[in-house]
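Engineer: As given, the protein sequences belong to chains Z and P, one line each in that order. The numbering used here applies: residue 558 is where the first sequence begins, and numbers increase by one. The numbering used here applies: residue 5 is where the second sequence begins, and numbers increase by one. All residues carry an ideal CB built from backbone N, CA and C; glycine is no exception.
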Amino acid sequence: MTVMSDDRLDLELVWFLREEADDLYGAPDAEAMTWRLMNADRSLRRRLDRLVARPIVRVALVGMLLAAALGTTLIVGAIQRGLVTNGQVILSPGLVLDTTTGKLSASALCAGRCADAAEVAYSRDGRTLAIVDRDGTAGDMQTGAAEMSVWRYASGSGSPTLLVTCGIDAACGGPSFSVDGKRLAYVEADLDPATHTEFTTARVIVIDMATGKDAIVPHPPGFPFSLSWTSDGRIVEVNQGPHDRNPRTYVIDPKTGKAVEQRTDKWRFATGSASPDGSQIAFLVFDSGPHSDGIMHPEDYDFDVWLAGVDGADLRHLYRGDPAEFDGGSHPVWSPDGRLLALGLHPIGGDSRVLIIDAENGALMQSFDSPASVSAWSTAG
Amino acid sequence: MEDAGGALRTPIAADLALETFVVEHYDRLLRLARLICRDATDATDAVQAGLEQAWRRRSSLRDPERRRGWLDRIVVREAIRISRRQRSLVQRLFGLDQDVEWIEPAALPMANIELRMALRAAFESLSPEQRAVVALHLYAGHSVAETADIVGAPLETVRSRLRLARERLRHALEESIA
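Take a look at the structure:
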């Protein structure tokens with residue numbers, strides 16, 4: 558087979574892209590597009606969208622829908638039994654994935670508003686639930702976060718109590734309950750006033766669930782987007798670097814603000830999350846070797862899962878995937894019993910794939926194509 | 005036409021300003037979106053949605069030099085969103101694969117037609133995110149760092165997407181030439 562130089566390849570690709578870009582059969586011209594835009598602004602649908610986009614209307618809708626969904630949610634079963642067993646994997650747009658069969662269904666929790674549920678987090682006893690709705694106006698693909706509400710379900714009762722709301726003046730997301738369930742950490746972010754498409758500044762906030770008292774936790778430079786807790790009350794933060802956006806994982810002491818980057822000679826960039834009991838951190842690594850010559854060498858590119866204690870001890874390799882099959886993924890999601898890990902991966906030429914691996918020996922248990930990435934793993938019920 | 009804060013004085017002035025805005029950017033954005041979307045219809049939807057957003061927020065962009073990157077970012081993200089939604093819905097409903105048929109002008113030499121068919125099939129097999137980074141880097145001329153900023157992805161991820169996309173396209177080209 559003919560071997561093609563990089564220069565020749567790029568030349569061919571540039572010509573090809575120019576030809577493809579000119580294939581605009583059926584597209585309106587600029588005048589017709591102007592007419593469309595003028596009329597779109599006046600449409601009834603647009604007005605309705607704007608009404609629903611108002612924070613106060615969204616909060617009211619969330620309240621009504623949650624109350625309606627309460628009697629049938631998968632949360633209630635876990636509450637009544639007081640047990641924590643594995644349920645279904647929750648995907649970002651409000652779908653749930655049965656980890657045994659791979660069957661997709663609409664989440665009962667999200668009844669009527671599934672498309673808006675971006676993130677879900679449970680307390681370890683399954684009684685407190687944080688829901689983040691996607692904001693249609695903020696367009697940031699990395700976070701998708703906007704309004705967050707936290708609800709407490711009393712045992713044996715059908716009426717949840719609204720504890721916390723966030724997101725009226727800023728975007729909120731990445732909620733995570735501490736191991737003892739007494740504290741909630743989340744990310745509060747400000748929208749860039751210059752572009753309205755990016756979040757610029759972000760804070761990690763911890764709320765005491767008993768008193769409602771909150772505090773800002775100092776965090777390293779960069780944008781935090783995933784949080785979890787160690788058993789001794791430290792926060793595991795995945796942070797997009799301030800310049801290159803590559804993910805880095807830190808363990809932060811909320812009392813002192815001391816942050817320790819979880820970086821080893823095995824990887825430079827990784828997303829990590831703490832196990833439900835807070836004793837271990839699983840790291841998803843998509844990394845390439847040094848490319849000082851500016852070329853990405855396929856043999857240097859890795860896709861691995863590593864496991865370590867919260868202070869980096871007992872580091873061990875858990876799973877090696879095919880880096881030619883996937884080009885990225887979100888942080889690992891632990892099952893409620895801490896025995897399995899769900900990896901939401903981005904396959905080349907596909908939507909998403911969810912791999913379920915054994916957190917003890919790294920065995921691949923299941924692999925499912927999925928229309929969205931993994932948000933959380935529910936308790937059974 | 006616009007005062008200092010970007011507010012428009014009259015509806016007619018607003019229409020004229022919108023027309024100027026669209027004429028200035030539409031053609032370039034449509035071609036960029038076309039590379040990410042599978043057809044011109046989806047590309048048109050992406051550009052329309054992007055221009056609507058941009059027009060509503062235009063007063064917030066104070067630095068005109070950032071306008072091109074700002075518009076590219078909005079439209080590229082819309083194009084990726086629309087491409088992902090379309091594909092996933094169609095695949096789930098009908099289980100269609102990604103083969104497409106098209107007719108080429110007879111004037112083109114057969115070797116060029118086969119080359120282009122192979123490249124197009126390989127290009128369409130890439131994910132929308134991969135097509136976006138290829139289009140932004142190789143077609144629109146953005147650097148890798150600018151591309152990462154526009155698609156909102158880590159630099160490593162963008163490098164990886166470019167590398168994998170190049171590998172797949174190279175393979176298609178080499179096979180076609182052979």
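1) Can you list the residues of chain P that Z:G583 reaches, using a CB-CB cut of under 9 angstroms?
2) Taking P:G54 as part of the alpha helix (DSSP H), name the residues at either end of that continuous run.
3) Output yes if chain Z places a C-beta closer than 9 angstroms to the C-beta of P:I117; else output no.
4) Whose C-alpha, out of P:F25, P:E69 and P:V138, is nearest the C-alpha of Z:A578?
5) Examine the Cβ distances between the stretch 118-138 of chain P and the stretch 168-181 of chain P and report whether three or more of them are shorter than 8 angstroms.
6) Please compile the residues from chain P whose C-beta is within a distance smaller than 8 angstroms of the C-beta of Z:R593.
7) Here's the rule I'm using: 16 or more other beta-carbon atoms within 10 Å means buried, otherwise exposed. How should Z:P940 be labelled?
8) Going by DSSP, name the residue or residues bridged to Z:G901.
9) Cutting at 7 angstroms between CB atoms, please list the residues of its own chain near Z:L581, excluding the five before and the five after it.
10) Below 8 angstroms, can you find three or more Cβ-Cβ pairs linking the stretch 826-841 of chain Z to the stretch 805-816 of chain Z?
11) How would you call Z:V614, buried or exposed, if buried means at least 16 neighbouring beta carbons within 10 angstroms?
12) With respect to the beta strand (DSSP E) encompassing Z:T658, which residues constitute its N-terminal and C-terminal limits?
13) In chain P, which residues lie with their C-beta within 9 angstroms of the C-beta of Z:I762?
14) In angstroms with no decimal places, state the Cα-to-Cα distance between Z:R873 and Z:V911.
15) Give a yes or no on whether the minimum CB-CB distance between Z:P778 and chain P is below 9 angstroms.
16) Mind listing, in chain order, the continuous beta strand (DSSP E) runs of no fewer than 3 residues lying wholly within the stretch 776-808 of chain Z?
17) Please tell me whether Z:I914 and Z:L902 are closer than 9 angstroms, where the distance is taken between their beta carbons.
18) Can Z:W863 and Z:V842 be called in contact, C-beta distance under 9 angstroms?
19) Listed in chain order, which residues of the stretch 148-173 of chain P have Cβ atoms closer than 9 angstroms to some Cβ of chain Z?
20) Using 10 angstroms around the beta-carbon of Z:M590, count the other beta-carbons present and answer buried if the total reaches 16, otherwise exposed.
21) Can you tell me whether Z:T700 is buried or exposed? The criterion is at least 16 other CB atoms within 10 Å of its CB, across all chains shown.
22) Using a Cβ-Cβ distance under 9 angstroms, would P:R72 count as near chain Z?
23) Name the residues in the stretch 22-39 of chain P whose C-beta lies less than 8 angstroms from a C-beta of chain Z; which are they?
24) In whole angstroms, give me the CA-to-CA distance for Z:H800 and Z:D747.
25) Using a Cβ-Cβ cut-off of 9 angstroms, state whether Z:H903 counts as contacting chain P.
26) Alpha carbon to alpha carbon, what distance is there between Z:H888 and Z:S783?
27) Closer than 8 angstroms by beta-carbon distance: list the chain Z residues that pair up with P:R120, in chain order.
28) My output table needs one value for Z:H874: the three-state DSSP class, helix, strand or coil.
29) Suppose contacts are defined by Cβ-Cβ distances below 9 angstroms. Is Z:G790 in contact with Z:R740 by that definition?
30) Is there at least one Cβ from chain Z nearer than 9 angstroms to P:I181's Cβ?
31) Does DSSP put Z:F573 in a helix, a strand or coil?
32) What are the start and end residues of the alpha helix (DSSP H) that includes P:E178?
33) Roughly how many whole angstroms lie between the Cα atoms of Z:M561 and Z:G919?
34) Given this structure, state the Cα-to-Cα distance separating P:S131 from Z:K812, to the nearest angstrom.
35) With a threshold of 9 angstroms between beta carbons, is P:E69 in contact with chain Z?
36) Please list the residues of the stretch 774-808 of chain Z that have a C-beta atom closer than 7 angstroms to any C-beta atom in chain P, keeping them in chain order.
Structural biologist: From the atom records:
1) Sequence index remark: in the first sequence, residue 583 of chain Z carries index 26 (1-based). Simply D43, A44, T45 and T48.
2) Numbered from 1 along the second sequence, position 50 holds the residue referred to as residue 54 of chain P. First-last of the alpha helix (DSSP H) with P:G54: A44 to R60.
3) Locating residue 117 of chain P in the second sequence gives position 113, counting from the first residue. Cβ-Cβ to chain Z under 9 angstroms: no for P:I117.
4) To locate residue 578 of chain Z, count along the first sequence from 1; it is residue 21. Of the candidates P:F25, P:E69 and P:V138, the one whose C-alpha sits nearest the C-alpha of Z:A578 is P:V138.
5) Output reads yes: the stretch 168-181 of chain P touches the stretch 118-138 of chain P.
6) In the first sequence, the residue the question calls residue 593 of chain Z occupies position 36. Chain-order list of chain P residues neighbouring Z:R593: Q52, by C-beta distance under 8 angstroms.
7) Nothing about residue 940 of chain Z can be read from this structure; chain Z reaches only from 558 to 938.
8) One-based indexing of the first sequence puts residue 901 of chain Z at position 344. When beta bridges are read from the DSSP output, Z:G901 appears opposite Z:V911.
9) The residue labelled residue 581 of chain Z in the question sits at position 24 within the first sequence. Same-chain partners within the cutoff: there are none.
10) By the Cβ criterion, the stretch 826-841 of chain Z is in contact with the stretch 805-816 of chain Z, since at least three pairs of Cβ atoms, one from each stretch, lie closer than 8 angstroms.
11) Counting from one through the first sequence, the residue named residue 614 of chain Z turns up at place 57. With fewer than 16 other Cβ atoms within 10 Å, it is exposed.
12) Counting from 1 along the first sequence, the entry for residue 658 of chain Z is found at position 101. Annotation: Z:T658 is outside any beta strand (DSSP E) and is labelled neither H nor E by DSSP.
13) Within the first sequence, the letter at position 205 stands for residue 762 of chain Z. Within chain P, no residue has its beta carbon less than 9 angstroms from that of Z:I762; the closest one is some 23 angstroms off.
14) By 1-based counting over the first sequence, the position of residue 873 of chain Z is 316. By 1-based counting over the first sequence, the position of residue 911 of chain Z is 354. Each residue's alpha carbon lies about 22 angstroms from the other.
15) Taking the first residue of the first sequence as 1, we reach residue 778 of chain Z at position 221. No, Z:P778 does not count as interfacial toward chain P.
16) Those beta strand (DSSP E) runs which fall completely within the stretch 776-808 of chain Z and span 3+ residues are 780-786 and 792-797.
17) The residue given as residue 914 of chain Z occupies position 357 in the first sequence. The residue given as residue 902 of chain Z occupies position 345 in the first sequence. The answer is no: Cβ separation not under 9 angstroms.
18) The residue given as residue 863 of chain Z occupies position 306 in the first sequence. The residue given as residue 842 of chain Z occupies position 285 in the first sequence. Result yes, Cβ atoms of Z:W863 and Z:V842 sit closer than 9 angstroms.
19) Residues passing the 9 angstroms Cβ filter: A149, A152, D153, V155, G156, A157, P158, L159, E160, T161, V162, R163, S164, R165, L166, R167, L168, A169, R170, E171, R172 and L173.
20) Locating residue 590 of chain Z in the first sequence gives position 33, where the first residue counts as 1. When all chains shown are included, Z:M590 counts as buried.
21) What you label residue 700 of chain Z is simply residue 143 of the first sequence in a count that begins at 1. Because Z:T700 carries a pLDDT of 38, less than 50, the predicted location of this residue cannot be relied on, and the following value inherits that uncertainty. Z:T700 comes out buried.
22) Counting from one through the second sequence, the residue named residue 72 of chain P turns up at place 68. Not flagged as an interface residue toward chain Z: P:R72, since no C-beta distance is shorter than 9 angstroms.
23) Those residues of the stretch 22-39 of chain P placed with their C-beta closer than 8 angstroms to a C-beta in chain Z are L22, E23, V26, V27, Y30, D31, L34, R35, L36, R38 and L39, ordered along the chain.
24) Position 243 of the first sequence holds residue 800 of chain Z. Position 190 of the first sequence holds residue 747 of chain Z. Using only the alpha carbons, I get a separation of about 18 angstroms.
25) The count along the first sequence starts at 1 and reaches residue 903 of chain Z at position 346. By this cut-off, Z:H903 is an interface position.
26) Against the first sequence, residue 783 of chain Z aligns to sequence position 226. Against the first sequence, residue 888 of chain Z aligns to sequence position 331. Computed Cα separation, rounded: 8 angstroms.
27) By 1-based counting over the second sequence, the position of residue 120 of chain P is 116. Close to P:R120, with beta-carbon spacing below 8 angstroms, are these residues of chain Z in chain order: F573 and E576.
28) As a working mapping, residue 874 of chain Z is identified with position 317 in the first sequence. Here Z:H874 sits in strand by DSSP.
29) Sequence index remark: in the first sequence, residue 790 of chain Z carries index 233 (1-based). Sequence index remark: in the first sequence, residue 740 of chain Z carries index 183 (1-based). For the 9 angstroms CB-CB criterion, Z:G790 and Z:R740 form a contact.
30) By 1-based counting over the second sequence, the position of residue 181 of chain P is 177. Yes, because at least one Cβ of chain Z sits closer than 9 angstroms to the Cβ of P:I181.
31) Taking the first sequence and counting its residues from 1, the one referred to as residue 573 of chain Z is at position 16. DSSP places Z:F573 within a helical segment (H, G or I) once states are collapsed to three.
32) The count along the second sequence starts at 1 and reaches residue 178 of chain P at position 174. Start and end: L159 to I181.
33) On the first sequence, residue 561 of chain Z is found 4 positions in, with the first residue counted as 1. On the first sequence, residue 919 of chain Z is found 362 positions in, with the first residue counted as 1. CA-CA distance, Z:M561 to Z:G919, rounds to 39 angstroms.
34) Here residue 131 of chain P is taken as the residue at index 127 of the second sequence, counted from 1. Here residue 812 of chain Z is taken as the residue at index 255 of the first sequence, counted from 1. Those two C-alpha atoms are separated by around 43 angstroms.
35) By 1-based counting over the second sequence, the position of residue 69 of chain P is 65. No - not a single Cβ of chain Z is within 9 angstroms of the one on P:E69.
36) Correct list: Q797, D801, R802, N803 and P804.
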